[in-house]
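A.B. asks:
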Amino acid sequence: MTIFQFLVIARWVQFVSVSALFGSALFWLYAGGGAAPGPVRLPGAFAATLRLLRLAALAAALSGLAWLAGIVVNMTSSSPAPEWASLRDFEVWRLFFFETNFGAVSGLRLVLLAAALGVVTLRRPQRGFLAALAAIGAALLVSQAWLGHAAQGDNGLRGDAMIVAYSAHVLAAGAWVGGLAPLLFALAEERGEDPGSGSLKILDRFSTMGFLAVVLIVLAGLANLCFRVGASFGRLLDTPYGETLFAKLALVALMLALAAFNRFVGAARLRRASSQSPSEAARLRTSVGAELALGIAVLGAAAALGVTPPPQ
Numbered sequence: 007m008t009i010f011q012f013l014v015i016a017r018w019v020q021f022v023s024v025s026a027l028f029g030s031a032l033f034w035l036y037a038g039g040g041a042a043p044g045p046v047r048l049p050g051a052f053a054a055t056l057r058l059l060r061l062a063a064l065a066a067a068l069s070g071l072a073w074l075a076g077i078v079v080n081m082t083s084s085s086p087a088p089e090w091a092s093l094r095d096f097e098v099w100r101l102f103f104f105e106t107n108f109g110a111v112s113g114l115r116l117v118l119l120a121a122a123l124g125v126v127t128l129r130r131p132q133r134g135f136l137a138a139l140a141a142i143g144a145a146l147l148v149s150q151a152w153l154g155h156a157a158q159g160d161n162g163l164r165g166d167a168m169i170v171a172y173s174a175h176v177l178a179a180g181a182w183v184g185g186l187a188p189l190l191f192a193l194a195e196e197r198g199e200d201p202g203s204g205s206l207k208i209l210d211r212f213s214t215m216g217f218l219a220v221v222l223i224v225l226a227g228l229a230n231l232c233f234r235v236g237a238s239f240g241r242l243l244d245t246p247y248g249e250t251l252f253a254k255l256a257l258v259a260l261m262l263a264l265a266a267f268n269r270f271v272g273a274a275r276l277r278r279a280s281s282q283s284p285s286e287a288a289r290l291r292t293s294v295g296a297e298l299a300l301g302i303a304v305l306g307a308a309a310a311l312g313v314t315p316p317p318q
């Protein structure tokens, strides 16, 4: 395995797990309603989300450590094959944390990952529990800007704009992709309810959030593309960066089409269906599951894009 492949895998797991932390915790804050962390009639869906959050916190911590190790090895290796021996050198770590631009943000990320592990061990999850995880997940998503292409801007207005665009992009993507799993849990629990059930109200709230997220993703994505490529746009097809970018855009287009179908067709059919006709609910769950799978694939493309040099 090359260091490039190692970094892509570590970043992919990190993106998925942190998006789950942020998006799944945020989901019950806007979709649950009331003072309770989740609707009383969907205790199974909320319990499944709590299990997902605990798994996501552990995966985020492990992948975060792997990503950090990959960055250090990449900075000290002279060949594509990773030279792991450098990780045993205390001086390498001292130089990394105190003499590089990555050091401070990496230290902060370690604190955030430890905080996420601490929060998910709480026995009585309330809205404060969800708010804390959403805040930690948001901070982890935004901090990624200083570990990738967005950190390569200057210290002026352009550099600040790159960070803002990247942050808006990843937060919107995290809210969308990370919220699909608890939505699926809610739809699965109320599979036999009538069309006026709580899960449909949750679907409406998620759709509203999803619309806003898509607008942010598109606008911030276009800004990111301009910042990364600039005058080299015509060379995209001739570079690995361009190939990866177009693969990501194709996956996003499929995800958008499926999301639109779920909102305007699947949900409408479910409202018209009777409680004795579970087929529409099953189709919608399958479609939401496919949307989630596409979202995970998009995050994989983003992971590869972040370690692929853009055209110059």
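Start counting the sequence shown at 7; every next residue gets the next number (the numbering used here). Built from N, CA and C at the ideal position, the CB exists for glycine as well.
#1: Enumerated in chain order, which unbroken segments of the alpha helix (DSSP H) with a length of 4 residues or greater are wholly contained in the segment 71 to 114?
#2: Measure how close the beta-carbons of Phe270 and Ala37 come, nearest whole angstrom, since I'm counting them as under 8 angstroms.
#3: Just curious, the alpha helix (DSSP H) that Asp166 is in, first and last residue?
#4: Counting pairs of beta carbons, one from the segment 106 to 124 and one from the segment 60 to 71, are three or more of them closer than 8 angstroms?
#5: How would you label Phe96, buried or exposed, when you count the other beta carbons within 10 angstroms and need 16 or more for buried?
#6: For Thr8, count the other beta carbons within 10 Å of its own beta carbon; 16 or more makes it buried, fewer makes it exposed. Which is it?
#7: When the distance is taken between beta carbons, is Pro317 closer than 9 angstroms to Ala245?
#8: Taking buried to mean at least 16 other C-beta atoms within 10 Å of its own C-beta, is Asn230 buried or exposed?
#9: For the putative contact between Ser112 and Leu74, defined by C-beta atoms under 8 angstroms, what is the C-beta separation to the nearest angstrom?
#10: Count the other CB atoms within 10 Å of the CB of Ala41; is the residue buried (16 or more) or exposed (fewer)?
#11: Helix, strand or coil: how does DSSP classify Leu260 here?
#12: Excluding the 5 residues flanking Ser83 on each side, which residues of the same chain have their C-beta closer than 8 angstroms to its C-beta?
#13: Out of curiosity, what's the CA-to-CA distance linking Thr314 and Leu146?
#14: Nearest by alpha-carbon distance to Gly109: which of Arg133, Ala122, Val125 and Ile77 is it?
#15: When we look at the beta-carbon of Glu195 and count the other beta-carbons within 10 Å, is it buried (16 or more) or exposed?
#16: Going by DSSP in three states, Leu48 sits in which element: helix, strand or coil?
#17: With DSSP run on the structure shown, which of helix, strand or coil describes Gly312?
#18: Distance, Cα to Cα, Gln11 vs Gly306?
#19: Counting along the chain, where does the alpha helix (DSSP H) carrying Thr35 start and finish?
#20: Of the choices Ile15, Gly50, Val14 and Val19, whose alpha-carbon is the least far from that of Leu189?
C.D. replies: So, from the data block:
#1: 96 to 105
#2: Your numbering for residue 270 matches position 264 in the sequence shown. Your numbering for residue 37 matches position 31 in the sequence shown. So it is not a contact: roughly 19 angstroms between Cβ atoms.
#3: Within the sequence shown, the letter at position 160 stands for residue 166. Asp166 -> alpha helix (DSSP H) spans Leu163 to Glu195.
#4: yes
#5: Counted from its first residue, the sequence shown places residue 96 at position 90. Label assigned to Phe96: exposed.
#6: Within the sequence shown, residue 8 is the residue found at index 2, counting from 1. With fewer than 16 Cβ atoms within 10 Å of its Cβ, Thr8 is classed as exposed.
#7: Here residue 245 is taken as the residue at index 239 of the sequence shown, counted from 1. Here residue 317 is taken as the residue at index 311 of the sequence shown, counted from 1. For the sequence presented, residue 245 should be read as Thr rather than Ala. In contact: Thr245 and Pro317 (Cβ atoms closer than 9 angstroms).
#8: By 1-based counting over the sequence shown, the position of residue 230 is 224. Burial call: buried.
#9: Counted from its first residue, the sequence shown places residue 112 at position 106. Counted from its first residue, the sequence shown places residue 74 at position 68. Between Ser112 and Leu74, the beta carbon gap of about 6 angstroms places them in contact (Cβ cut-off 8 angstroms).
#10: Within the sequence shown, numbered from 1, the residue matching residue 41 stands at position 35. Any reading at Ala41 must be qualified, since the residue scores a pLDDT of 46, below 50, and its modelled position is unreliable; no value is offered.
#11: For this step, residue 260 is matched to residue 254 along the sequence shown. Of the three classes helix, strand and coil, the one that applies to Leu260 here is helix, per DSSP.
#12: What you label residue 83 is simply residue 77 of the sequence shown in a count that begins at 1. Ile9, Glu89 and Ser92.
#13: As a working note, residue 314 is residue 308 in the sequence shown. As a working note, residue 146 is residue 140 in the sequence shown. So the alpha carbons of these two residues sit roughly 21 angstroms apart.
#14: If you number the sequence shown from 1, residue 109 lands on position 103. The option with the nearest alpha carbon to Gly109 is Ile77.
#15: For the purposes of this step, residue 195 is taken as the residue at position 189 of the sequence shown. So Glu195 ends up on the buried side.
#16: Locating residue 48 in the sequence shown gives position 42, where the first residue counts as 1. If DSSP states are grouped into helix, strand and coil, Leu48 belongs with coil.
#17: Within the sequence shown, numbered from 1, the residue matching residue 312 stands at position 306. Gly312 falls in the coil class under three-state DSSP.
#18: The residue you call residue 11 lines up with position 5 of the sequence shown. The residue you call residue 306 lines up with position 300 of the sequence shown. Their Cα atoms are separated by approximately 12 angstroms.
#19: The residue given as residue 35 occupies position 29 in the sequence shown. Position check: residue 35 holds Leu in this sequence, whereas Thr was assumed. Note, Leu35: alpha helix (DSSP H), Ile9 to Ala37.
#20: Position 183 of the sequence shown, counted from the first residue, corresponds to residue 189. Cα-wise, what sits closest to Leu189 is Gly50.
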